[in-house]
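**Student:**
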Amino acid sequence: MKKDWTRIGRIASIVVVLAVAAVAPLVLTGGVAQNLAVLSILYAVVASNWDLTLGYAGIFNFAHVAFFGIGSYVAAIATLQFGVPVWLDLILAVVVVVAVGGLVSALALRLRGIYVALVTFALTQLCVALINSAKDITGGPVGLIGVPDLEIRGFELGSEPHAYFYAAEVLLILSTIAMRWLATSHFGLSLVALRDYEAYAVARGIPARRQRVLAIMASSIPTSLAGCLYAHYLIVASPDVFSFSLTTLLLSMVLVGGAGTIYGPIVAAIVLTVGTEGLHQLGNIRYMIVAVLIVLTLRFLPGGLWSLWTLVPAIRRRRATRVPSPLAEEASS
Amino acid sequence: MSMQGSRMQTTGSPPLLEVASVGKSFGALAAVADVSFALRERDILGIAGPNGAGKTTLFNLITGTPFFPDSGRVTFRGTRIDRMAPHRIFRLGLARTFQKEASFANLTVEQNVSLGATYGAGLSGRARERAVDAALERLDLSAMRRQPASSLTVYGTKRLMLASAIVVGPKLLMLDEPASGLTASEVADLQSLILGFRDDGMAILLIEHILPLLFGISERVMVMDFGRKLIEGPPSEVARDQRVIDAYLGGQSEAAHALAG
Ligand SMILES: Nc1ncnc2c1ncn2[C@@H]1O[C@H](COP(=O)(O)OP(=O)(O)O)[C@@H](O)[C@H]1O
Ligand SMILES: [Mg+2]
């Protein structure tokens, strides 16, 4: 019985999500609203992917946002400078980003803790330096303008008003399925084990560096595609994607939404992207408001927004019955 | 694997584990110095010694977690393991537990064991399920399998640490003070578990402060002090050795009494 209800709940949420996904692009048609929606969906992809490595694996991987940026630049450079067909650049971006991600993480994970953060963040700085020094190819600080429309089998996404919106949604849905599947698989369990007690995890056969490098490579795939979509949709690739402020924004999405949940960062990406835009009139004060909200969330809801879900008493009761409570026999022994 | 092992075991066969003058220093402190010993299949070797004698460090050197020896050699099943990554050492059939009981607290009891089966023995699907079921049953954890590991008692957590080790069918089990913090009846239960593992073909390396347990089940006992091996021999001989009494048993009249009996 209980299991049936869980199942019905799950099917119901899938139906609701798909319905919202189908209708949203038809409703949010204004230029500003649509931009905001597409942007928040792409950020949701980046933040929820980051959650696999930051939340589940506990790696201070500050190269993650650079994966998004490199994806956008590979798309722009390949199509604008080398005339690569506008579907091949997607594959190219994934290949480049996965290779860079694998290389950087294999090097960075020889180190520990704060040094991992330093080395991975250095990739972001390196990207900015490369962009500025190879102006002919990258457009320098201005970036590259005029990235062609994404074209799949002769269909140009820009020719249809909702196409990018739907494409972004499809990417988010597929990415979320993949991340949840990874996180709940033995692979994901091994990441959590390494995060919680590395010495014990390796003493049970889990190869620490290999698992972590694989997690970073896996999370970089949807992230690089989000970068491509971003460049094709906005028609530009800008060095702003490597800015510290974008990294902090995405980091706050992971933390406010709830690290180690995948779903939480998606919710927070939408709330924070729309929220910061909604407060547009307030100018820079909005960032202070967002910062205060972040601090309050982390102070009073350390599990993030997603933990509200598990705090709902009815759900908690159901959880409690699903997992047998500690047995009296065990407690008394 | 175990069948092949027992067929190979004849008199004069190479030892299962051979530790040859290993050492490890932390700055000026020689935590382990020039320790050598060997272990055959199905041996139970007990290790005693006062706190800070270097027993846990010796385990760390053998298993490569979290550091390797500064000097010396460790050979397991004919393979040098003193520079081998710890996850590979486990896959070779050398499993250890930790002095402070540990678990992957955010995972369930079953997931804790399943990780060992997956990454230690490369199992998947039905074979993994069967191995996990058997290990949980063996350690009396089946009823708690879906509980978070953090909900277990001290002895429950210690049994879980054993379950995730034996699920791969190791050839050597290294136990670091498994009986500390247990009640008398739990110690008795643990003793029969350890003897059961030995009967299944595992060799046991046992660090233990509870001397009746250590001297009761070990075929040989080695005593360490200040990082060095003081003596190694049959329990009765070791208990009578004056150096051991001075270094270790001297203060423990209760323990000395237990051994005399
Ligand atoms: N990682 C380490 N760094 C520095 N000193 C250590 C480390 N590990 C152990 N020691 C020291 O080595 C000595 C032996 O410790 P240990 O092997 O834990 O002893 P035992 O297990 O016999 O009680 C102690 O003095 C301890 O403080
Ligand atoms: Mg110790």
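From first to last, the protein sequence lines stand for chains A and B. Mind the numbering: the first sequence is residues 29 to 361 in the working numbering, read in order. Mind the numbering: the second sequence is residues 3 to 263 in the working numbering, read in order. Backbone N, C-alpha and C fix where the C-beta goes; we use that ideal spot for every residue, glycine too.
Are the Cβ atoms of L199(A) and L118(A) separated by less than 8 Å?
**Tutor:** As a working mapping, residue 199(A) is identified with position 171 in the first sequence. As a working mapping, residue 118(A) is identified with position 90 in the first sequence. Cβ distance not < 8 Å, so L199(A) and L118(A) don't count as in contact.
**Student:** Nearest to L216(B) by alpha carbon, out of K231(B), L232(B) and P236(B)?
**Tutor:** Looking up residue 216(B) in the second sequence gives position 214. Out of K231(B), L232(B) and P236(B), P236(B) has the C-alpha closest to the C-alpha of L216(B).
**Student:** If you draw a straight line from the C-alpha of S266(A) to the C-alpha of L329(A), how long is it?
**Tutor:** For the purposes of this step, residue 266(A) is taken as the residue at position 238 of the first sequence. For the purposes of this step, residue 329(A) is taken as the residue at position 301 of the first sequence. So the alpha carbons of these two residues sit roughly 35 Å apart.
**Student:** With a threshold of 7 Å (Cβ to nearest heavy atom), would K173(B) be considered close to ligand 2?
**Tutor:** On the second sequence, residue 173(B) is found 171 positions in, with the first residue counted as 1. Because no heavy atom of ligand 2 lies under 7 Å away, the Cβ of K173(B) does not count as near it: no.
**Student:** Going along the region 83-112 of chain B in order, which residues come within less than 9 Å of chain A, judged by CB to CB distance?
**Tutor:** Flagged, chain order: A87, P88, H89, R90, I91, F92, R93, A97, R98, T99, F100, A104, S105, F106, A107, N108, L109 and T110.
**Student:** Sorted by chain position, which residues of the same chain lie with C-beta nearer than 6 Å to S247(A)'s C-beta, five sequence neighbours on each side aside?
**Tutor:** In the first sequence, counting from the first residue as 1, residue 247(A) sits at position 219. These residues qualify, in order along the chain: N77, L80 and T81.
**Student:** Would you call the region 25-41 of chain B and the region 49-63 of chain B in contact, with 3 or more CB pairs under 8 Å?
**Tutor:** Enough Cβ pairs lie closer than 8 Å, so yes.
**Student:** Run the CB neighbour count on Q239(A), radius 10 Å, all protein chains shown included, and call it buried at 16 or more, exposed below.
**Tutor:** Translated into the one-based positions of the first sequence, residue 239(A) becomes position 211. Result: buried.
**Student:** Quick one: grab the DSSP three-state call for D409(A).
**Tutor:** Absent from the structure is residue 409(A), since the part of chain A shown begins at 29 and ends at 361.
**Student:** Under 8 Å, Cβ to Cβ, is there at least one residue of chain B near A231(A)?
**Tutor:** In the first sequence, the residue the question calls residue 231(A) occupies position 203. Yes, A231(A) counts as interfacial toward chain B.
**Student:** Apart from the five residues just before and just after A205(B), which ones in its own chain have a Cβ nearer than 6 Å to its Cβ?
**Tutor:** On the second sequence, position 203 is the one that residue 205(B) refers to. Excluding positions up to five away in sequence, the list reads L18, L41, E43, R44, D45 and L174.
**Student:** So what does DSSP say about L109(B), is it helix, strand or coil?
**Tutor:** Taking the first residue of the second sequence as position 1, residue 109(B) is located at position 107. Three-state DSSP puts L109(B) in coil, outside helix and strand.
**Student:** Report whether the distance from the Cβ of T2(B) to the nearest heavy atom of ligand 2 is below 7 Å.
**Tutor:** With chain B running from 3 to 263 in the structure shown, residue 2(B) is simply not present.
**Student:** In whole angstroms, what separates the C-alpha of V124(A) from that of V115(B)?
**Tutor:** As a working mapping, residue 124(A) is identified with position 96 in the first sequence. As a working mapping, residue 115(B) is identified with position 113 in the second sequence. One C-alpha to the other measures close to 37 Å.
**Student:** Tell me, please, which residues DSSP counts as bridged to L208(B).
**Tutor:** The residue you call residue 208(B) lines up with position 206 of the second sequence. In the DSSP output, where bridge partners are listed per residue, L208(B) has G48(B) and L177(B).
**Student:** Any Cβ of chain B within less than 8 Å of the Cβ of D7(A)?
**Tutor:** Residue 7(A) cannot be examined here, being either before or after the span of chain A that is shown, 29 to 361.
**Student:** Is S68(A) closer than 8 Å to A297(A) when the C-beta atoms are compared?
**Tutor:** Position 269 of the first sequence holds residue 297(A). Position 40 of the first sequence holds residue 68(A). The answer is yes: Cβ separation under 8 Å.
**Student:** Name, please, each residue of chain A whose Cβ falls closer than 8 Å to the Cβ of T67(B).
**Tutor:** Counted from its first residue, the second sequence places residue 67(B) at position 65. Those within 8 Å of T67(B) in chain A are A227, V230 and A231.
**Student:** Any C-beta of chain A within less than 7 Å: which residues of the region 118-137 of chain B qualify?
**Tutor:** Those would be G118, T120, Y121 and G122, in chain order.
**Student:** Short check: CB of Y157(B) to CB of S218(A), under 8 Å?
**Tutor:** Stepping through the second sequence from its first residue, residue 157(B) is reached at position 155. Stepping through the first sequence from its first residue, residue 218(A) is reached at position 190. Their beta carbons are not under 8 Å apart, which means Y157(B) does not touch S218(A) by this criterion.
**Student:** Taking 8 Å as the threshold (C-beta atoms), are V122(A) and S203(A) in contact?
**Tutor:** Start at 1 with the first residue of the first sequence, and residue 203(A) comes out as number 175. Start at 1 with the first residue of the first sequence, and residue 122(A) comes out as number 94. It is not a contact, given that the beta carbons lie outside the stated cut-off.
**Student:** Between I39(A), V44(A), T289(A) and S41(A), which has its C-alpha nearest W209(A)'s C-alpha?
**Tutor:** Translated into positions along the first sequence, residue 209(A) becomes position 181. Ranking the options by Cα distance to W209(A), first place goes to T289(A).
**Student:** Taking 8 Å as the threshold (beta carbon to beta carbon), is S166(B) in contact with chain A?
**Tutor:** Stepping through the second sequence from its first residue, residue 166(B) is reached at position 164. Interface residue, yes.
**Student:** Taking the beta carbon of D178(B) as the centre, do at least 16 other beta carbons fall within 10 Å, making it buried, or is it exposed?
**Tutor:** As a position in the second sequence, residue 178(B) is number 176, starting the count at 1. It is buried - the Cβ of D178(B) has at least 16 other Cβ atoms within 10 Å.
**Student:** Name the chain A residues whose beta carbon is nearer than 9 Å to that of S116(B)?
**Tutor:** Position 114 of the second sequence holds residue 116(B). Simply H214 and L217.
**Student:** Name the DSSP bridge partner or partners of E184(A)?
**Tutor:** For the purposes of this step, residue 184(A) is identified with residue 156 of the first sequence, where counting begins at 1. Partner(s): E179(A).
**Student:** Can you tell me whether M163(B) is buried or exposed? The criterion is at least 16 other CB atoms within 10 Å of its CB, across all chains shown.
**Tutor:** For the purposes of this step, residue 163(B) is taken as residue 161 along the second sequence, with counting starting at 1. By the neighbour-count rule (16 or more Cβ atoms within 10 Å), M163(B) is buried.
**Student:** Is S8(B) helix, strand or coil when you go by DSSP?
**Tutor:** Here residue 8(B) refers to the residue found at position 6 when the second sequence is read from its first residue. Any reading at S8(B) needs caution, since the residue's pLDDT is 43, under 50, leaving its predicted position unreliable; the model's value is listed next. Of the three classes helix, strand and coil, the one that applies to S8(B) here is helix, per DSSP.
**Student:** Can you pull the chain B neighbours of I313(A), defined as C-beta to C-beta under 8 Å?
**Tutor:** By one-based count along the first sequence, residue 313(A) stands at place 285. By Cβ distance, chain B contributes nothing, its closest Cβ being about 39 Å from I313(A), past 8 Å.
**Student:** What residue ranges within the region 56-141 of chain B form continuous beta strand (DSSP E) runs of no fewer than 3 residues, ordered along the chain?
**Tutor:** Counting whole runs of 3 or more residues, the region 56-141 of chain B contains the beta strand (DSSP E) stretches 73-78 and 96-98.
**Student:** Might you give, ordered along the chain, the residues of its own chain that have their beta carbon closer than 6 Å to the beta carbon of S73(B), omitting 5 neighbours on each side?
**Tutor:** Taking the first residue of the second sequence as position 1, residue 73(B) is located at position 71. Excluding sequence neighbours, S73(B) sits near G25.
**Student:** For ligand 2, I want to know if D178(B) counts as a neighbour, meaning its beta carbon is within less than 7 Å of at least one of the ligand's heavy atoms.
**Tutor:** Taking the first residue of the second sequence as position 1, residue 178(B) is located at position 176. Yes, ligand 2 has a heavy atom inside 7 Å of this Cβ.
**Student:** Roughly how many angstroms separate the alpha carbons of V240(B) and H211(B), rounded to a whole number?
**Tutor:** Locating residue 240(B) in the second sequence gives position 238, counting from the first residue. Locating residue 211(B) in the second sequence gives position 209, counting from the first residue. The straight-line gap from Cα to Cα measures roughly 15 Å.
**Student:** Give a yes or no on whether the minimum CB-CB distance between A243(A) and chain B is below 8 Å.
**Tutor:** As a working note, residue 243(A) is residue 215 in the first sequence. So, not an interface residue.
**Student:** Where does I244(A) sit, in a helix, a strand or coil, going by DSSP?
**Tutor:** Here the question's residue 244(A) lines up with position 216 in the first sequence. In the structure shown, I244(A) sits in a helix (DSSP, three-state: H, G or I).
**Student:** Note the first and the last residue of the continuous beta strand (DSSP E) segment covering V37(B).
**Tutor:** In the second sequence, residue 37(B) corresponds to position 35, counting from 1. That run of the beta strand (DSSP E) goes L31 to L41.
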